[in-house]
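Number of protein chains: 2
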Amino acid sequence: MFSKACEYAIRATIYIALQSQEGRRITLKDIAKEIDSPEAFTAKIMQQLVKQGIVDSLKGPTGGFVMEPHNLFTTKLSEVVYAIDGDSVFKGCGLGLKMCNEKKPCPVHEKFISIRQELKHMLETTTIEELALGLKQGMTFLKR
Amino acid sequence: MFSKACEYAIRATIYIALQSQEGRRITLKDIAKEIDSPEAFTAKIMQQLVKQGIVDSLKGPTGGFVMEPHNLFTTKLSEVVYAIDGDSVFKGCGLGLKMCNEKKPCPVHEKFISIRQELKHMLETTTIEELALGLKQGMTFLKR
DNA sequence: CTAAAAAAGGACAATATTGTCTTAAATTAA
DNA sequence: TTAATTTAAGACAATATTGTCCTTTTTTAG
Numbered sequence: 041m042f043s044k045a046c047e048y049a050i051r052a053t054i055y056i057a058l059q060s061q062e063g064r065r066i067t068l069k070d071i072a073k074e075i076d077s078p079e080a081f082t083a084k085i086m087q088q089l090v091k092q093g094i095v096d097s098l099k100g101p102t103g104g105f106v107m108e109p110h111n112l113f114t115t116k117l118s119e120v121v122y123a124i125d126g127d128s129v130f131k132g133c134g135l136g137l138k139m140c141n142e143k144k145p146c147p148v149h150e151k152f153i154s155i156r157q158e159l160k161h162m163l164e165t166t167t168i169e170e171l172a173l174g175l176k177q178g179m180t181f182l183k184r
Numbered sequence: 041m042f043s044k045a046c047e048y049a050i051r052a053t054i055y056i057a058l059q060s061q062e063g064r065r066i067t068l069k070d071i072a073k074e075i076d077s078p079e080a081f082t083a084k085i086m087q088q089l090v091k092q093g094i095v096d097s098l099k100g101p102t103g104g105f106v107m108e109p110h111n112l113f114t115t116k117l118s119e120v121v122y123a124i125d126g127d128s129v130f131k132g133c134g135l136g137l138k139m140c141n142e143k144k145p146c147p148v149h150e151k152f153i154s155i156r157q158e159l160k161h162m163l164e165t166t167t168i169e170e171l172a173l174g175l176k177q178g179m180t181f182l183k184r
């Protein structure tokens, strides 16, 4: 469904969101530990999230990653996915055809439409804040 | 969603199904041409489909690939996907956690359940024969 | 001002996936 | 029986993805 990079990105963002809600800045090291991901690889992914404006970073001692209050409440799961995996999840043909569309559909085109729609809708209506809440309440987990 | 190999597998199977319905055996070369796929790579994929019993192969002149009438009507899309990509599409956690389940869910676990269910249901109820019919009627396409 | 801490960036390495090439085995038709 | 045709199989190559390491830049605290 998502690339490994994207999976890490989502997990990291949820964790940063949770910490930001508590007013805490969080280091790469802590992120990697908390979401059980390879640190250096996670660093690369964080750079993309920062460039996309989803999270902010600060260098130096006491530095780390943080989400602005505004981002915290408005960022949708879809934005994180898009930042890392692009539009492949939302667009692309189920059978890999480049020209697949209503006019010239692949054999599974119609079959995939509702599923893709539902997925798209879910990603676009789910907020990072909402996911962070479940984590805060101990109902969901980011490791193992 | 699916691997490239799986996309080719689905396209190839649909095309073989269509030809088998007409009583025709079809060569690798023709398959690759009709579904616009790399021939040698497609050969590897065909070997897997043969091993899984989804299609049959015959060597020598007049040889090629064919689907038995029985397979033609009973094979589900899910079986082709499973033969090539295994159960990753049906099982696996959306965020890549190994131990994600009802008891210890990842933050998107619940959100993904209905989507995965719908996808699973669609794959398990869609027959290859049905997809081949759309192709035969010129309503769907396997190239570009 | 300096040392330490942290992210940024670039080069590199490992692995997985996709794709190719060559030879072997089987089968058919002449 | 032989030559041609076709799939099977194995080794190899190219590319993409995942992951690591090292250096640079920025910032803070002392």
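Protein sequence lines correspond, in order, to chains A and B. Per the working numbering, the first sequence starts with residue 41, numbered consecutively. Per the working numbering, the second sequence starts with residue 41, numbered consecutively. The C-beta atom is built at its ideal place from N, Cα and C for all residues, glycine as well.
Environment of lysine 151 of chain A [buried if 16+ CB atoms lie within 10 Å]
In the first sequence, residue 151 of chain A corresponds to position 111, counting from 1. Lysine 151 of chain A should be labelled buried.
Short check: CB of alanine 57 of chain B to CB of methionine 107 of chain B, under 7 Å?
Along the second sequence, one-based indexing puts residue 57 of chain B at 17. Along the second sequence, one-based indexing puts residue 107 of chain B at 67. Yes, the Cβ-Cβ distance between alanine 57 of chain B and methionine 107 of chain B is below 7 Å.
Looking at phenylalanine 181 of chain B and lysine 160 of chain B, is the spacing between their C-beta atoms short of 7 Å?
By 1-based counting over the second sequence, the position of residue 160 of chain B is 120. By 1-based counting over the second sequence, the position of residue 181 of chain B is 141. Their beta carbons are not under 7 Å apart, which means lysine 160 of chain B does not touch phenylalanine 181 of chain B by this criterion.
7 Å Cβ cutoff met for lysine 183 of chain B and aspartate 96 of chain B
As a working note, residue 183 of chain B is residue 143 in the second sequence. As a working note, residue 96 of chain B is residue 56 in the second sequence. Cβ distance not < 7 Å, so lysine 183 of chain B and aspartate 96 of chain B don't count as in contact.
Counting only beta-carbon separations shorter than 7 Å, does methionine 162 of chain A have a partner in chain B?
Within the first sequence, the letter at position 122 stands for residue 162 of chain A. So, interface residue.
How is isoleucine 66 of chain B classed by DSSP in three states: helix, strand or coil?
Within the second sequence, numbered from 1, the residue matching residue 66 of chain B stands at position 26. Reduced to three states, the DSSP call for isoleucine 66 of chain B is strand.
Helix, strand or coil at threonine 115 of chain A [DSSP, three-state]
Against the first sequence, residue 115 of chain A aligns to sequence position 75. Here threonine 115 of chain A sits in coil by DSSP.
Between the stretch 63-72 of chain B and the stretch 165-175 of chain A, do at least 3 Cβ pairs fall closer than 8 Å?
no
By Cβ distance, which residues of its chain are closer than 7 Å to threonine 140 of chain B, with the 5 residues on each side in sequence left out?
What you label residue 140 of chain B is simply residue 100 of the second sequence in a count that begins at 1. Inspection of the sequence shows that residue 140 of chain B is occupied by cysteine rather than by threonine. Taken in chain order, the residues that qualify are Cys133, Cys146, His149.
Measuring only the C-alpha atoms, how far is valine 121 of chain B from glutamate 158 of chain B?
One-based indexing of the second sequence puts residue 121 of chain B at position 81. One-based indexing of the second sequence puts residue 158 of chain B at position 118. Roughly 15 Å separates the two Cα atoms.
Our contact map puts threonine 82 of chain A next to tyrosine 48 of chain A with C-beta atoms below 8 Å; I'd like the distance itself, whole angstroms only.
One-based indexing of the first sequence puts residue 82 of chain A at position 42. One-based indexing of the first sequence puts residue 48 of chain A at position 8. Correct: roughly 6 Å between the Cβ atoms.
If the criterion is Cβ atoms closer than 7 Å, does the pair alanine 72 of chain A and isoleucine 94 of chain A meet it?
By 1-based counting over the first sequence, the position of residue 72 of chain A is 32. By 1-based counting over the first sequence, the position of residue 94 of chain A is 54. In this structure, alanine 72 of chain A sits away from isoleucine 94 of chain A, with a CB-CB distance that is not shorter than 7 Å.
Quick one: what's glycine 104 of chain A bridged to in DSSP?
Here the question's residue 104 of chain A lines up with position 64 in the first sequence. Partner(s): A/Leu98.
Which listed residue (A/Ser43, A/Ala45, A/Gln59, A/Thr114) has its alpha carbon closest to that of leucine 175 of chain A:
On the first sequence, residue 175 of chain A is found 135 positions in, with the first residue counted as 1. Comparing Cα-Cα distances from leucine 175 of chain A to each of A/Ser43, A/Ala45, A/Gln59, A/Thr114, the minimum goes to A/Gln59.
Any idea if threonine 213 of chain B is buried or exposed, counting beta-carbon neighbours within 10 angstroms, 16 or more meaning buried?
Residue numbering for chain B in the displayed model covers 41 to 184; residue 213 of chain B lies beyond these limits and cannot be assessed.
C-alpha distance - phenylalanine 105 of chain A paired with leucine 98 of chain A, whole-angstrom precision
As a working mapping, residue 105 of chain A is identified with position 65 in the first sequence. As a working mapping, residue 98 of chain A is identified with position 58 in the first sequence. Using only the alpha carbons, I get a separation of about 6 Å.
Could you give the first and the last residue of the continuous alpha helix (DSSP H) run that contains serine 60 of chain B?
By 1-based counting over the second sequence, the position of residue 60 of chain B is 20. Element bounds for serine 60 of chain B: 44-61.
Taking all protein chains shown into account, decide if isoleucine 85 of chain A is buried (16 or more other Cβ within 10 angstroms of its Cβ) or exposed.
Within the first sequence, residue 85 of chain A is the residue found at index 45, counting from 1. Buried, since its Cβ has 16 or more Cβ neighbours within 10 Å.
Does the CB of glycine 134 of chain A have a neighbour CB from chain B at under 7 Å?
Here residue 134 of chain A corresponds to residue number 94 of the first sequence, with the count starting at 1. At least one chain B Cβ lies under 7 Å of glycine 134 of chain A.
At least one CB of chain A closer than 7 Å to the CB of leucine 137 of chain B: is that the case?
Numbered from its first residue, the second sequence carries residue 137 of chain B at position 97. Taking Cβ atoms only, chain A reaches closer than 7 Å to leucine 137 of chain B, which makes this a yes.
With distances taken from CA atoms, which of B/Phe42, B/Gly136, B/Lys143 is nearest lysine 44 of chain A?
As a working mapping, residue 44 of chain A is identified with position 4 in the first sequence. Checked all of B/Phe42, B/Gly136, B/Lys143; the closest Cα to lysine 44 of chain A is B/Gly136.
For threonine 165 of chain A, three-class secondary structure by DSSP:
In the first sequence, the residue the question calls residue 165 of chain A occupies position 125. If DSSP states are grouped into helix, strand and coil, threonine 165 of chain A belongs with the helices.
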